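Take a look at the structure set out below.
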Amino acid sequence: MHKAYTSEQEINKYFVQYLVIAACHLIEATAILVRNCAITPKIQLIWHSIFQEAGLPDGCLNIIHSSRESTPSVIEKILADNRLREVCFSRSSNLGRQMGRLSDYYLKPSELEAS
Numbered sequence: 001m002h003k004a005y006t007s008e009q010e011i012n013k014y015f016v017q018y019l020v021i022a023a024c025h026l027i028e029a030t031a032i033l034v035r036n037c038a039i040t041p042k043i044q045l046i047w048h049s050i051f052q053e054a055g056l057p058d059g060c061l062n063i064i065h066s067s068r069e070s071t072p073s074v075i076e077k078i079l080a081d082n083r084l085r086e087v088c089f090s091r092s093s094n095l096g097r098q099m100g101r102l103s104d105y106y107l108k109p110s111e112l113e114a115s
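In structure tokens:
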């Protein structure tokens, strides 16, 4: 099981990484769907509240709360939705492989950056 805490340097890395990913997609006028991070679960909530206070419309930035066990089935349901046109993913290599396979299966163009 992952620890719920980490070093300050690692927390800062996730904090900045999330901002860069979110900002790039919002600049492109792309809605974002983010799964909560097991290591630093509050980072997404902090940025979500910052973006809301800045006036980001509802539905542009969405957070999914799921356990590690339920994440693959949750992601498959999302990828099966015809409203989703493209997938951009970064972080977990294992989940990235699953997303790559599912993106191919559902014929969704994908950009995967695994760590």
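Just so you know, we're using full-length UniProt numbering here: the sequence shown kicks off at 1 and counts up by one.
Each residue gets a CB set at the ideal place from its N, CA and C atoms; glycine is no exception.
Given the structure is predicted, the values throughout are model-derived calculations rather than measurements.
Taking a cut-off of 8 Å for Cβ pairs, the region 38-46 and the region 71-80 do not touch, as fewer than three such pairs fall below it. Arg97 and Glu86 have their C-alpha atoms roughly 16 Å apart. It is roughly 21 Å from the alpha-carbon of Val34 to the alpha-carbon of Tyr105. Contact annotation: Gly59 and Ala31 have beta-carbon atoms nearer than 8 Å. Ser93 is classed as exposed because its beta carbon has fewer than 16 other beta carbons within 10 Å across all chains shown.
No Cβ-Cβ contact shorter than 8 Å links Leu84 with Met99.
Minimum Cα-Cα distance from Leu107 among the listed residues Asn82, Phe89, Leu95 corresponds to Asn82.
Residue environment for Ser66: exposed (fewer than 16 other C-beta atoms within 10 angstroms of its C-beta).
Within the UniProt domain "Aldehyde dehydrogenase" (30-114), the runs of alpha helix (DSSP H) at least 4 residues long that lie entirely inside it are, in chain order, 42-53, 71-80, 93-105.
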